[in-house]
Structure formats: C-alpha cells, structure tokens
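There are 2 protein chains.
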Amino acid sequence: MGNDSIFIKACKRHATERTPIWIMRQAGRYLPQYRAIREKTDFLTLCKTPELASEVTVQPVDIIGVDAAILFSDILVIPDAMGMHLEIVESKGPTFDDPIRDRDDLKRLNTDGVTGRLQYVMDAIKLTKEKLAGRVPLIGFSGAPWTLATYMIEGKGSKNFDTAKRFIYSDPNAAHELLQLLADAVVDYLNAKIRAGCDAVQIFDTWAGILSPHDLEEFSLRYIKYICGRLETNGAPVIVFAKGVNALKRLAEITCDVIGLDWTMDLAAARAEIGERKALQGNLDPCVLFAPKEKIRQETERVLARYGSGCGHIFNLGHGILPNTSVENTQYLVSCVKELSVKYHQ
Amino acid sequence: MGNDSIFIKACKRHATERTPIWIMRQAGRYLPQYRAIREKTDFLTLCKTPELASEVTVQPVDIIGVDAAILFSDILVIPDAMGMHLEIVESKGPTFDDPIRDRDDLKRLNTDGVTGRLQYVMDAIKLTKEKLAGRVPLIGFSGAPWTLATYMIEGKGSKNFDTAKRFIYSDPNAAHELLQLLADAVVDYLNAKIRAGCDAVQIFDTWAGILSPHDLEEFSLRYIKYICGRLETNGAPVIVFAKGVNALKRLAEITCDVIGLDWTMDLAAARAEIGERKALQGNLDPCVLFAPKEKIRQETERVLARYGSGCGHIFNLGHGILPNTSVENTQYLVSCVKELSVKYHQ
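Chains as they are written, first to last, in the working numbering: chain C, 9 to 354; chain W, 9 to 354.
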C-alpha cells in the first residue's frame, strides 16, 4: 500500500476523488473490541506485544472505515527505552517514578541503541502490514522532543508545566542537551519505522501550545525542524501536529508535507496562509461526536467547507477521540466525510 | 483615584511616563499575609466578608507595588447568587452539587435581583476604596457568560468540557437562554460595581479558548459584545480577557478599551493587528517567575520590547500568578517593569 492510496495522495496534495479521513487515537478505549483486549492486558504490555498491538491497530479500519491505520503505541516508549521506568494507569495518565530534575539526571539516560530496544515496535509494524494486506496505509508516530521532555521532567501530566519550565529557564543548556538527545533518538526511531514499513509518519508536539512564541521557537520548533531535516522518508509523507500553536508561518517553514491543526484554528485562514506549501489535517472538535447526528453532519460540512475545494485536506479530529465517544457516531462521521467531501473534488 | 493614574491613562492609550503593571490573581495564595487570613477563613467566606475581602485586595498594593488593585472575589458569585450552591475547595477547585444539565434546570435559577444578593461585593468595593485612599485605582471583574456556563453545566472544572459542549450542541436554544440570562446579570453586576466605585472593569472568559471559531462567535464573543454594549462605564475602562483566543480581529470589534493577551500571543503581532484601536494587557508567562532573577529581567525586557515604544500597554502576566510563586521574584518583576519600561515612553 502506498502512493496510490487516497490518504497518501492527499498528504502530497495530489488530486483525489474525495477527502480521506483518519482519527487521532482511533485505536482506543471508545471501541468495545479494544476494551475487550485491555481487560486481559495492561496498556504498556499491549504496546510491547506485537501480535496484540497490530490487532488493535487494524480494528478501526474494520469497524470505523478510516482511510489510514496508525500503529498503536505511546509516545513515551522512547524515554522508557532510555531506562526511565514508564507506568501508565489509564485513569491518571503516564508517570515516571524518577523524573529528570537537573543536569546530573541526564547521565542516567541510556541513549545508545534506543531504537534497538524498540524492536517490538518494528515487529508490530511488520505484523500490521500483513494484517492490513494493502487495504490502507500505515502511519507511525513519535512524540516531539519538547513534549517528551515535559513528561520526563514533570514525571507525570501537569496543569501548568511549571516544573518543566523551571528546568528550561534555570538551566537552558541542560534543557537543550536533553532535547537534542531526544531529537536524535526520534530521528533514528522514525527512520527505523519507515524502514519497517510505515507509509507515513506523524510527529506529535502535544504541549507545544503552552510555550511563549520565543520559547516555542527555542525549545520546540527548532527540534522538530532538526528531525524533519534528517528523516530518510523514502517518499513517506511527514505530518507535524503541534497542538495549540497558531504560529502557522513558522510551522510552514518545517520540511514536512502536512500540518495538523486543532479545532480552534480556522482551516480557511490556515489554507490562505500556508495551504500552497502544505497539506492540512484536521480539525473537527472531538466533542462534536457527543452531539446528535444532525449536528455531526452539519459540523462535518462546516469543516469541509472551511477548507474548500481542491486537494490537500486530510479530515481528522482536532485532537484525539475521547474515550466515551459513541462508535455509531464515529462511524457516522466517517460516512459523512466520504459522502459530503466528493463535491469539493470535482 | 481615577483619570490621572498611570493605569487608567494606559487603558485609554494616553501618554504615561512608564508602563503600568498589575498581576492577575495578585491577591492570593502566594502571599503569606493572604494565607494568614485564609488559615482562619474559608475562600467563600472571605469573598463574602467585605472587611476581609478589602484587606486582601489592598495587600499586593502594599507588598508588591502594583499600579492597580483588583477586588478580591470569584467569578462564580453570580451563579451562587442565582441559587446554585457554590463550594470552593482550593485543592480541587469550585463545584456545584446540582449542575445545569437540561432546559428544565434553568427554571431553578433565581434570576431576579441577583445584584441585590451581591451587596457584599459592593460593600467590599466601598471599604477597599477607603483603604486605598486614592493610591491606585480599583478594578472590578466578572466572568463572561460562556465561562460561567461551563462551570454551571459541568458542575466542576473539566479537562475537555465535553458535558458543556454536549449541552450547547444538543440544545442550542437552551444554551442561548442560559447565556443570555447570564449576560443580563453580568451587565447589571458590572454596572453596580462601577457605581459602587470601581475605576475599571475586566471581563474574564477563561474558557473561550476551547471553542472552535464558529462556536466562539456564537457562544462566547456574541455575549461579551452584548455586555460591553450595555455598560454604563462613566469613563471606566473595560478590559476583555478571552484566554486562548487568537482571533484578534474579532476581539477588536468589541466595544472595550483593553484586550488582555495570554503568554502564547506575540504582542508585536497583536499590536500591528489591533493596537491602534485597543490598549493591550499582558503577557509574561507566569512560570517565568520560577526562573532566576536574571531570566525574569530578560523576559520582562522581551515583553516590553515586543510591545515597543509608546502608550497603550499594561504589563501583566498572561494568566493568573501561580500559588507557589516567590514573593521576592514578584516584587522583582514589578521593579523591572518600572525601571525598564521608562525608555519606551520617551
């Protein structure tokens, strides 16, 4: 599966007969078939067991009808492979029991052969490609250095990220050392994923939006640019999703194919500003899936209309699908996109 | 105290000798003098006791040296005065035990004479004015209808606000009924505050930033515009702070004097876009106050430089000061603004 799929074509801003759709976190808790597997397996074991990871990766292709699969995993497998002890309790999110708090802590990180310790991911990619059998392309992903660093420093999710910010403000050199070693690990990891069979890759900078414009450039975008400049893509599109970042001109300078946008952004304005250089991915508010079907249809039409006619739009939510979303409404969203988008491609 | 203060002048984009500063949540937990009072009094009793509320309001003027006081209160006193039972436990935020979940629940709200039941606020304003004795002006504030509604519907703080969004998507007419009755209450409340002696008022729409552009217009900005069009200001400047909203052109259409900006916005870009129509307030990242002094000074200079020369800037943080902030660093910030801003006003 590759260049002739509707998803890959849209990433490259080639003409398609309709707008493709996939959904961030489409393999996840809202699916009963996923929950059935999770009843027997904790989250991290699922990530690390290729047979199971590939099974849940394929579920939304079968059940929801999306145009791409995304390998089931977690962004924090990289710090885990560096020797930080990752625990994921779904009700309270990921935790590291011994977070990075100063320059000395960096010495604890085992940065040699990280990708080798993530062989289970590569094995899951190969199994998934077999199960997909060419039906849809497979996306691989990684967290961006800034987002990985926030978890490694905070040790858990945070409301204000004051510990992570205290770190970058108090010892910027140590912060850059951490971000650089993460950036190198991400380059290696994504290149290995592409070699293992991923047809596209997405870089998630979930917490880029908490930085001031100056800090955003220094601690987030600089490293995304570094990574994107070093990917051996072999034609695989690169998607950058820096949530909450409205500095579109800066995002457009990154060597990538697609910019992901959250639901607070206006697709028409974004396309006017950068749409000739990048494809755009997004951006329905995930909460719309809690609305009656009539509203889901109306808001789907609104997103499609805001992007407008022509190629280069990949439909998605503006953030991950929420755990208590109805499967039926999600299926309905996919059918709406498939039906309503045709007129924008004539 | 009024038109000749540096804060009021800056709000009106009149020339001043330096940039004024005040700090959102400047009367609060980071001050030992505030914590001493809170040891004997719960949060809501403090809001409802004019003698104590006026005392903590004046504290940061004496201790930190800010150029304006803001009356100590909470945005949720309005739903409380409508008969919803507000509880504030500082570790978990505000809660309503019986939230609004459908149209019928609106009947429970006692919307007559709301401002009358907030007489304690007006009494606190009068006492505060006596204590300030003309040293600095006094700001009064209100939550915006959308932000008030999110708490009234969710019943507590929320990560994704899916309950509030489900409400507005499922029964938009009921949502508008709720927002309209809140808007009318806010008009009444802010007008009474101005009559009681407030020299300026600020409208906080803390959760405006979670809405898509279309929903932002329909459920948030429409009601802020309604309120601002009906204030009897008697010359008191009106500040609108819609956190996380980057639709500056839409904000600029509101009949108000000052637009507050969070720390993710670029002051130079904002000034270029709307700075001839509005004064701008902000926007240092509150986490910078956890940094070493050298960094605080450098970032203060950066914010001042991004706004640039001339009148119309009120220095503030981009969000409320965090509870574990150092008093010494906060005092240092104020001294930096007073010193470093002079050159931008020559």
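Ideal Cβ positions, reconstructed from N, Cα and C, are used throughout, including at glycine.
One alpha carbon belongs to Gln306 (chain C), the other to Leu275 (chain C), and they sit about 16 Å apart. Between Leu190 (chain W) and the set W:Val97, W:Ala89, W:Glu47, the nearest pair of CA atoms involves W:Ala89. For His321 (chain C), the uninterrupted beta strand (DSSP E) segment begins and ends at 321-325. Per DSSP, the beta bridge partners of Pro102 (chain C) are C:Ile96. The beta carbons of Leu198 (chain W) and Ser228 (chain W) sit no closer together than 7 Å. Secondary structure of Leu330 (chain W) (DSSP, three-state): coil. Between the segment 247-255 of chain W and the segment 203-217 of chain W, the count of Cβ pairs shorter than 8 Å is three or higher; the stretches touch. Annotation: Cβ neighbours of Leu330 (chain W) in chain C (cutoff 8 Å, chain order): Asn168, Asp170. A check of alpha carbon separations from Arg26 (chain C) across C:Gln289, C:Asn337, C:Ala244, C:Ile322 identifies C:Ile322 as the nearest. Cα atoms of Thr158 (chain C) and Ile202 (chain W): separation of roughly 43 Å, rounded to the nearest angstrom.
Judged by DSSP secondary structure, Asn291 (chain W) falls outside any alpha helix (DSSP H); it is assigned neither H nor E. Distance check between Asp270 (chain W) and each of W:Ala61, W:Tyr42, W:Pro294 places W:Pro294 closest, using alpha-carbon atoms only. For the pair of segments examined, the segment 139-156 of chain W was found to touch the segment 79-93 of chain W: the number of CB pairs separated by less than 8 Å reaches three. Taken through DSSP and simplified to helix, strand or coil, Lys164 (chain C) comes out as strand.
Counting only the Cα atoms, Pro245 (chain W) lies some 57 Å from Gln41 (chain C).
For the pair Gly163 (chain C) and Phe104 (chain C), the CB atoms are nearer than the 7 Å cut-off. Cys295 (chain W) belongs to the set of residues whose beta carbon lies under 7 Å from a beta carbon in chain C. Considering only C:Thr155, C:Val66, C:Arg314, the residue with the shortest C-alpha distance to Leu224 (chain C) is C:Thr155. Within chain W, no residue has its beta carbon less than 7 Å from that of Lys257 (chain C); the closest one is some 10 Å off. Val97 (chain C) sits away from Phe80 (chain C), with the two beta carbons spaced by 7 Å or more. Buried is the label assigned to Pro221 (chain C), since at least 16 other Cβ atoms lie within 10 Å of its Cβ. Following the DSSP letters along the chain, one finds Phe212 (chain C) inside the beta strand (DSSP E) bounded by residues 208-213.
Comparing alpha-carbon positions, the option among C:Ala200, C:Leu126, C:Cys264, C:Trp30 lying closest to Gly326 (chain C) turns out to be C:Trp30. Shown here for Gly320 (chain W): same chain residues with a beta carbon closer than 6 Å to its own, the five before and five after excluded, namely Arg21, Ala287 in chain order. Collapsing the DSSP output to three states places Ile71 (chain C) in a helix. Against chain C, the CB of Tyr177 (chain W) has a partner CB under 7 Å away; the residue lies at that interface. Residue-level contact check: Lys346 (chain C) does not touch chain W, since none of the beta carbons of chain W fall below 7 Å from its beta carbon.
The contact set of Gly163 (chain C) on chain W, defined by CB atoms closer than 9 Å, is empty, because the minimum CB distance reaches about 16 Å.
Of all alpha-carbon atoms in C:Gln354, C:Gly328, C:Asn332, C:Tyr38, the one lying nearest the alpha-carbon of Leu292 (chain C) is that of C:Gly328. With fewer than 16 neighbouring CB atoms inside 10 Å of its own CB, Gly91 (chain W) falls in the exposed class. Annotation: the segment 116-142 of chain C contains the following complete segments of the alpha helix (DSSP H) (minimum length 4 residues), in chain order: 127-140.
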